[in-house]
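**Student:**
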Amino acid sequence: MSMWEMYDRLIEPIPDDVKIEDYFVGIQWTSVTVCGYTGAAATNPLQTIRRTEKNILDMSWKEAAGLIKSWNFTEASIGAAAVNAYYNQPDRISKLEKEGTIRQRSKEDAFMAYREDIKGKKVATIGHFCFAEEYLKEAKSCVVLERNPMDGDYPDSACEYILSDRDYVFITGFTLVNKTLPRLLELSRNAKVILVGPSVALAPVLFDFGVWELAGTLITDKKLTEELVKKGEHKAVIRTGLPVRLSK
1 MSMWEMYDRL IEPIPDDVKI EDYFVGIQWT SVTVCGYTGA AATNPLQTIR
51 RTEKNILDMS WKEAAGLIKS WNFTEASIGA AAVNAYYNQP DRISKLEKEG
101 TIRQRSKEDA FMAYREDIKG KKVATIGHFC FAEEYLKEAK SCVVLERNPM
151 DGDYPDSACE YILSDRDYVF ITGFTLVNKT LPRLLELSRN AKVILVGPSV
201 ALAPVLFDFG VWELAGTLIT DKKLTEELVK KGEHKAVIRT GLPVRLSK
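Letter by letter, the sequence shown follows residues 1 to 248 in UniProt numbering.
#1: Hey, would you say residue 126 sits closer than 8 Å to residue 184, going by beta carbons?
#2: By Cβ distance below 7 Å, which residues in the same chain neighbour residue 3 in space, the five residues on each side in sequence not counted?
#3: My understanding is that residue 64 touches residue 56, with C-beta atoms under 8 Å, so please give their C-beta distance in whole angstroms.
#4: Evaluate the contact criterion for the stretch 82 to 89 versus the stretch 143 to 157: three or more CB pairs, one atom per stretch, below 8 Å.
#5: Under three-state DSSP, which class holds residue 246?
#6: Closest by CA to residue 180, which one among 147, 164 and 154?
#7: Just the Cα atoms here: how many angstroms apart are residue 29 and residue 80?
#8: Can you round the beta-carbon distance between residue 225 and residue 242 to whole angstroms, since I take them to be within the 8 Å contact cut?
#9: Measure the C-alpha to C-alpha separation of residue 70 and residue 135 and round it to an integer number of angstroms.
#10: Out of curiosity, what's the CA-to-CA distance linking residue 207 and residue 247?
#11: Checking the sheet assignment: what are the DSSP bridge partners for residue 104?
#12: Taking only the alpha-carbon atoms, compute the straight-line gap between residue 131 and residue 17 and give it to the nearest angstrom.
#13: Taking DSSP as the reference, what is the three-state secondary structure of residue 122?
#14: For the beta strand (DSSP E) that contains residue 164, what are its first and last residues?
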């Protein structure tokens with residue numbers, strides 16, 4: 001399987017006959033608006049690779065979404081926001097649920113929802129999450145893997161050794177932008193994998209790659225989202241959206 005297959009399948013259904021209306025790269029979040037929809041993703045500031053010379057506003061929706069494959073991670077954040085503008089919309093989720101493609105689980109915090117299931121189990125989180133440690137404290141063991149580890153964290157390279165025997169793995173949606181998600185899913189194939197956070201694309205195709213649950217955010221106030229993103233509000237998407245948990 002190509003490492004790009006997941007990305008190509010995410011991008012494939014996105015329209016190529018409409019142009020991006022607006023976009024903004026903020027300190028915390030990046031937003032893209034198209035066809036009246038707004039998508040957002042956390043901004044990754046890494047720009048060691050030169051960006052495309054084409055104006056984003058001259059791109060089609062699909063072309064902008066394709067930037068998620070860029071190795072300039074700020075540009076990839078624009079791509080992720082364009083992808084989320086397509087998938088993370090209430091009307092689309094309602095349609096998929098009616099078709100039986102997905103089912104909505106409880107709207108509680110994903111870590112809270114699993115606090116009973118993880119008792120006595122081996123858990124890993126890719127990244128730090130608010131309140132996660134409190135809800136996961138009854139796990140048999142819980143390891144945190146971080147690109148910039150703090151005291152007690154494992155460096156992210158430890159994933160190659162740790163994830164294969166975990167029962168539950170919680171992964172930040174940020175991993176789509178930095179391109180680590182395909183490998184993390186391979187390593188976590190024996191675990192229940194929950195993708196967590198406002199950057200998560202609520203795309204059913206991700207279930208085909210080993211994801212058990214998508215715990216993300218539906219944007220319900222487009223105007224306020226754009227406003228808070230431009231202000232650099234840390235919780236811009238959480239404040240203007242609706243938490244949702246999806247499974248097959």
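Glycine included, every Cβ here is placed at the ideal spot set by N, Cα and C. Predicted model only: the values in this text are computed from it and were never measured.
**Tutor:** Reading off the structure:
#1: Working through the sequence shown from its first residue, we reach residue 126 at position 126. Working through the sequence shown from its first residue, we reach residue 184 at position 184. In terms of Cβ geometry, residue 126 and residue 184 form a close pair [threshold 8 Å].
#2: Here residue 3 refers to the residue found at position 3 of the sequence shown. Excluding residues within five positions, the ones whose Cβ falls inside 7 Å are 182.
#3: Translated into the one-based positions of the sequence shown, residue 64 becomes position 64. Translated into the one-based positions of the sequence shown, residue 56 becomes position 56. About 6 Å separates the beta carbon of residue 64 from that of residue 56, a gap short enough to meet the 8 Å contact definition.
#4: Taking 8 Å as the limit for Cβ pairs, the verdict is that the stretch 143 to 157 does not touch the stretch 82 to 89.
#5: Counted from its first residue, the sequence shown places residue 246 at position 246. Strand, per DSSP.
#6: Position 180 of the sequence shown, counting from 1, holds the residue named residue 180. For the options 147, 164 and 154, the alpha carbon positioned closest to that of residue 180 is the one of 147.
#7: By 1-based counting over the sequence shown, the position of residue 29 is 29. By 1-based counting over the sequence shown, the position of residue 80 is 80. The straight-line gap from Cα to Cα measures roughly 11 Å.
#8: Residue 225 sits at position 225 when you count from the first residue of the sequence shown. Residue 242 sits at position 242 when you count from the first residue of the sequence shown. Not a contact, Cβ separation roughly 12 Å.
#9: Along the sequence shown, one-based indexing puts residue 70 at 70. Along the sequence shown, one-based indexing puts residue 135 at 135. Roughly 35 Å separates the two Cα atoms.
#10: Residue mapping note: residue 207 aligns to position 207 of the sequence shown, counting from 1. Residue mapping note: residue 247 aligns to position 247 of the sequence shown, counting from 1. Computed Cα separation, rounded: 8 Å.
#11: On the sequence shown, residue 104 is found 104 positions in, with the first residue counted as 1. DSSP output for residue 104 lists 246 as bridge partner(s).
#12: In the sequence shown, residue 131 corresponds to position 131, counting from 1. In the sequence shown, residue 17 corresponds to position 17, counting from 1. In this structure, the CA atom of residue 131 is about 42 Å from the CA atom of residue 17.
#13: Working through the sequence shown from its first residue, we reach residue 122 at position 122. Reduced to three states, the DSSP call for residue 122 is strand.
#14: In the sequence shown, residue 164 corresponds to position 164, counting from 1. No beta strand (DSSP E) contains residue 164, which DSSP labels as neither H nor E.
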